[in-house]
Amino acid sequence: MAVTTRPSASRSPAPGKAGQGYVPALDGLRGIAVLLVLGLHIGLAVLPGGQVGVFLFFSLSGFLITLLLLDGSHGNVWEILRRFYVRRALRLLPAWFVVVASCVVVALMWPSMDRAPATLEGLPMVLVHLGNWVRALEGSGSLGMLDHTWSLAVEEQFYLVWPIVLLLVLRATGRIWAAAAVAGLGCISAVAARFAVDGDGEAALTRIYNGTDTQADHLLLGCVLAVVVVLLRERDGLDRLRTVLTWLAVPAALFLAAVVLVFPFAGAGTPYRVALTGVAVASAVVVGAAYLSGQGRIARVLTAPWLRWVGVRSYGLYLWHYPVILVVTAADVVPFTLPKQVLEVALSVAMAAASYRWIEAPFLRRREPLGGGSGAGPSGAPPPPVAARRRHIATTSSATQTGGGPWAGMQRDGSTDPATPTGGAPTTRPPLPAGADALGR
């Protein structure tokens, strides 16, 4: 696997800045996704299907997390996982904890607020990232002011399982394509799980929408896309993939726009289940096209400065917007709809900007010495060839005796030696500007 050199502690780049391997279009896509969710929750009638933003986040997460593990990891399996989970914790938990604590304080100080009891009752499941299952069984609103964290729970469950599965598959088979096969089987299982949910009423819709098993294909199709990108990059096939995805991005984007504007899967039953599958496929196409967009037309749309600004702060905006909307609504200080919506958006953006500056960015800089970044753009320096990585994986047992693992480069004491990688020259890959997953994490 690629060996990454650690960035200099004396010159830690600010998160979100362009650099080698940075794909600005992905920040723009994050911006669109979070604005769709925000528009849905403030009650914009023109965005009845704003849930598509959540599905875009899922696809981005699966894609970028898999790239991080395939491109940016080195050392034995346990070292890879340790660095991965420490980086995830530093990126996700600080801002999440502040929002959770703030909602608890509001619920305790304002017990008459209609969402206060549910906030406190659902807190234990939110803290262990299982809130989506509460919603799946009890319905929307069962987590109070933290109801929107259901999607974060789905992603956290994915983070716990997929990296381990991916690394074990690579170690057992020595073939990167095997990871795509496993993810593909997971996609089929998710579609089957949607159709296996009994009934066509509101309870069935809620179960399908919130279940990790019934939403897994959105994440896993992103994983498949990441494996395809890595394999074609080694074969100089990214230009062909870019051409295909660029053409497919137009009908995919039109389909997603139709879902957003018309919400064709508003009811349960077969149309709802089929529409979710279509959204998963279309989201993966759009993510791939954005990642490979280079300087093309897609990139020019997605790299608008204001859209990238929103995208870099999309995690904080997602965390804060829902409780802000509920508090403003409960306070009833603005009697008219439009001024109320403007206030909700303004407060949400302000909280997101503050969160990024004073909470998220400092912790992003703290995690830079851990390395393990990924998400290099298609023009970035490539990692060692697939064949070299296969040799590393195939010689796991002998490499382990010298501190290796499935990929060489670890010494007996567990330290890295980036100057002497096995199977290729050292490769410098800076971390993703704002993290490695869909919410800029």
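Numbering (the UniProt record's numbering), first residue to last: 1 to 441. Heads up, the beta-carbon is just placed ideally off N, CA and C, and yes, glycines get one too. Note that the structure is a prediction, hence the values are computed from the model and not measured.
For His148, no alpha helix (DSSP H) run applies, since DSSP gives it neither H nor E.
With a cutoff of 8 Å on beta-carbon distance, Thr206 and Gly28 are scored as not near each other. Per the coordinates, the alpha-carbon of Pro323 lies some 9 Å from the alpha-carbon of Ser348.
Boundaries cannot be given for Met113, as no alpha helix (DSSP H) includes it and DSSP labels it neither H nor E.
Per the C-alpha coordinates, the member of Gly269, Ser140, Trp150, Leu219 positioned closest to Ala204 is Gly269.
8 Å or more divides the Cβ of Phe57 from the Cβ of Leu225.
Between Gly50 and Gly39, the C-beta spacing is below 8 Å.
Sixteen is the threshold: since fewer than 16 other Cβ atoms of the shown chains lie within 10 Å of the Cβ of Pro369, the residue is exposed. Within the segment 304–349, the complete alpha helix (DSSP H) runs of at least 4 residues fall at 305–312, 314–331.
Per DSSP, reduced to three states, the secondary structure at Gln157 is helical. In the DSSP annotation of this structure, the continuous segment of the alpha helix (DSSP H) that includes Asn210 starts and ends at 202–210.
One thing to note: Asp213 has its Cβ within 8 Å of the Cβ of Ala190.
For Gly296, no alpha helix (DSSP H) segment is defined, and its DSSP state is neither H nor E.
Leaving aside the five residues that flank Val182 on each side, the residues in its chain whose CB is nearer than 6 Å to its CB run, in chain order, Val169.
In the structure shown, the three-state DSSP call for Asp27 is helix.
If you check the CB distance, Ala153 and Leu167 do not come in under 8 Å. Spatial neighbours of Ala107 in its own chain (CB-CB distance under 8 Å, excluding positions within 5 residues in sequence) are listed in chain order as Met113, Arg115, Ala116, Pro117, Thr119, Leu120, Gly144, Met145.
Counting only unbroken stretches of 3 or more residues, no beta strand (DSSP E) element lies wholly within the segment 35–93. Three or more beta-carbon pairs drawn from the segment 338–353 and the segment 312–323 are found closer than 8 Å, and the two stretches are therefore classed as touching.
Residue environment for Phe336: exposed (fewer than 16 other C-beta atoms within 10 angstroms of its C-beta). Spanning the alpha carbons of Ile80 and Pro362 requires a straight line of approximately 23 Å.
Using a C-beta cut-off of 8 Å, the segment 227–245 makes no contact with the segment 195–202, since fewer than three inter-stretch Cβ pairs fall below that distance. By the criterion of a C-beta distance shorter than 7 Å, Ala284 is surrounded in its chain by Ser59, Leu221, Gly222, Leu225, once the five residues flanking it on both sides are discounted. Secondary structure of Ser355 (DSSP, three-state): helix.
Taking 8 Å as the cut-off, the Cβ atoms of Pro111 and Ile359 do not count as close.
Look at Leu248 here: in three-state DSSP terms it is helix. Under the three-state reduction of DSSP output, His129 falls in the coil class, being neither helix nor strand.
Of the candidates Asn76, Pro271, Arg308, Arg308 places its Cα closest to the Cα of Ala353. Across the set Gln215, Gly296, Tyr315, Tyr291, the C-alpha of Tyr291 shows the shortest separation from the C-alpha of Leu67. Taking C-beta separations shorter than 8 Å and ignoring five residues to either side along the sequence, the partners of Val104 in its chain run Thr119, Leu120, Leu123, following chain order.
Considered as a whole, the segment 155–200 harbours 176–196 as its complete alpha helix (DSSP H) runs of no fewer than 4 residues, in chain order.
A straight-line Cα-Cα distance of about 11 Å links Pro48 and Ala257. In terms of CA proximity to Ser314, Leu92 leads the group Leu92, Val342, Ala331, Phe84. The beta carbons of Val301 and Val52 sit no closer together than 8 Å.
Following the DSSP letters along the chain, one finds Pro362 inside the alpha helix (DSSP H) bounded by residues 361–367.
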